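One structure below.
Protein chains: 2
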Amino acid sequence: MTKASATRRTILEKAFEIIYTKGYQTTSIDEIIATTKVTKGAFYYHFKTKDEMGLAIINEIVKPTMQEAFIKPLQDAKNPIKEIYDMTKALLLENPFLKLEYGCPAGNLTQEMTPWNIEFGKALSELILEWQQTIENCIKSAKKNGTVRKNVNPQQVAYFIMSSYWGIRNFGKVYNSADCYHSYLKELKIYLNNLA
Amino acid sequence: MTKASATRRTILEKAFEIIYTKGYQTTSIDEIIATTKVTKGAFYYHFKTKDEMGLAIINEIVKPTMQEAFIKPLQDAKNPIKEIYDMTKALLLENPFLKLEYGCPAGNLTQEMTPWNIEFGKALSELILEWQQTIENCIKSAKKNGTVRKNVNPQQVAYFIMSSYWGIRNFGKVYNSADCYHSYLKELKIYLNNLA
DNA sequence: CAAAAAACATACCAATTGGTATGTTTTTTT
DNA sequence: AAAAAAACATACCAATTGGTATGTTTTTTG
């Protein structure tokens, strides 16, 4: 990695962290360059606008991280139902990247940006669609190998799992306690077992 | 209603609408007074700060509206399972107050404000707790009248229902289509029926 | 009706915002 | 090593932000 691309990378990573904790709107460029110790000139050399940086964060930070955490564990899953549960549990209780009080990065950005920024919305919906399709395929293969009933609708199940995950992260935020995660996981397990 | 309290009410209602569509941070006081045609003097006569107005919106607009839409339908429910489904369906597809592309007002505010504004977090968590307890009680009474199995855990179910609702509203936002609501509702029905 | 308080109006302000103009330094290419 | 391009640094700027100081008008009260 060249020095220049390291600078760029630093900006994206630090900016992501601030945005994850405070939101996109409330994170100013001045704050980003202060914490990264990169000057304004350098910042605007790498990114034409703040939104260009925001999109780069989605595509270069959030997307790969999500693919690692959400998608890879579900590909070629031998026991899809178990894998979905384990993944969710890992995301809620073990992933060091995600913090209880700050919710889901993709979920946060979706809620904040979607209504008024088309480009963000597009980048995020692509990312989410990928996750959705992974879960759907997971259920489909579970139907094939017999671990899930034939009359289960993969799309519906995917929506149900994903929404409940997004939602419970919001609860984690308000209550600022992992208790609700444990409750949620118990019920998720029951729900998933009922698919068999 | 006196003229003064009407002014106050107008500010709260219009401000709520803007905040619901754009978020709290991005809504400026200048924009609020422009759309309400209330002067800055009048605004700051009724509210000491922007945050005081924000809290008033939660307590005087969001809270009563939520109580009407989320809580009242579930109190003294004869068939709790059915009522929960009907309420959710009404919220997603029929409620004129809630718009597809803007998500759930309480959910939006929670996600935006909770990590950095304690007072907002407190006001919102009270509101959410009330909703949660209503659903829990609903399940409890369903257990009593035999429409729900004895081994069902009301708290877990409440979390599961509420999170999935919050989450699916986020999907409505990204995809900007009611399709996911229909899919979600079908799966919700299956889930609820499995509680019997 | 007069005084006092409540309600509203106008003009301003310091701080912060995203962004630019114009440099200097570092790296790469020839 | 010289020229050119890439990478970074500094100083600035107009617009917007939440908020205030100082009014005037309207309503209520004695």
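If you read the protein sequences in the order shown, they are chains A and B. Going by numbering that gives the first Met the number 0, 165 is the number at position 166 of the first sequence; the sequence numbering is gapless. Going by numbering that gives the first Met the number 0, 116 is the number at position 117 of the second sequence; the sequence numbering is gapless. C-beta: ideal position from N, C-alpha, C; glycine also. This one's a predicted model, so the numbers in the text were calculated from it and none came from an experiment.
- One thing to note: residue 73/A has its Cβ no nearer than 8 Å to the Cβ of residue 57/A.
- Among the residues of chain B, none has a CB under 7 Å from the CB of residue 130/A; the nearest is roughly 11 Å distant.
- Residues of chain B with a Cβ closer than 8 Å to the Cβ of residue 186/A are, in chain order, 152, 155, 156, 158 and 159.
- Beta-carbon to beta-carbon, residue 170/B and residue 162/A are separated by about 6 Å, close enough to satisfy the 8 Å threshold.
- For residue 17/B, the enclosing alpha helix (DSSP H) covers residues 2-21.
- Secondary structure at residue 74/B: coil, using DSSP grouped into helix, strand and coil.
- At a cut-off of 8 Å, the C-beta of residue 31/B has no neighbouring C-beta in chain A.
- The beta carbon of residue 144/B does not come within 8 Å of any beta carbon belonging to chain A, so the residue lies off that interface.
- Scanning chain B for C-beta atoms nearer than 9 Å to the C-beta of residue 116/A yields nothing, as the closest lies near 10 Å away.
- By alpha-carbon distance to residue 99/B, the top candidate from 105/A, 90/A, 96/A and 114/A is 114/A.
- For residue 110/A, the nearest beta carbon of chain B is closer than 8 Å to its own beta carbon.
- Listed along the chain, the chain B residues whose CB falls inside 7 Å of the CB of residue 102/A are 110.
- Looking at 127/B, 157/B, 108/B and 173/B, the one whose alpha-carbon comes closest to that of residue 187/B is 157/B.
- With a threshold of 16 other beta carbon atoms within 10 Å, residue 145/A falls short and is exposed.
- In chain A, no part has a C-beta under 9 Å from the C-beta of residue 53/B; the shortest such distance is about 14 Å.
- When the alpha-carbon of residue 175/B is set against those of 118/B, 137/B and 101/B, the nearest one is in 101/B.
- Contact annotation for residue 25/A against chain B: 24 and 115 [CB-CB distance below 8 Å, chain order].
- Under the 8 Å criterion on CB atoms, residue 96/B is classed as non-interfacial with respect to chain A.
- If you draw a straight line from the Cα of residue 118/B to the Cα of residue 49/B, it is about 13 Å long.
- Chain-order list of chain B residues neighbouring residue 99/A: empty, with the shortest C-beta distance near 10 Å, by a criterion of under 8 Å.
- When the Cα atoms are used, residue 128/B and residue 52/B turn out to be separated by approximately 22 Å.
- For the segment 169-180 of chain A, residues whose beta-carbon sits nearer than 7 Å to a beta-carbon of chain B comprise 169, 170, 172, 173, 174 and 179.
- The beta carbon of residue 70/A sits closer than 6 Å to the beta carbons of 133 from its chain, once the five residues preceding and following it are set aside; these are given in chain order.
- Residue 124/A is positioned such that its CB atom lies no closer than 8 Å to that of residue 147/B.
- Here DSSP, grouped into helix, strand and coil, assigns residue 48/B to coil.
- Scanning chain A for C-beta atoms nearer than 7 Å to the C-beta of residue 20/B yields 114, reported in chain order.
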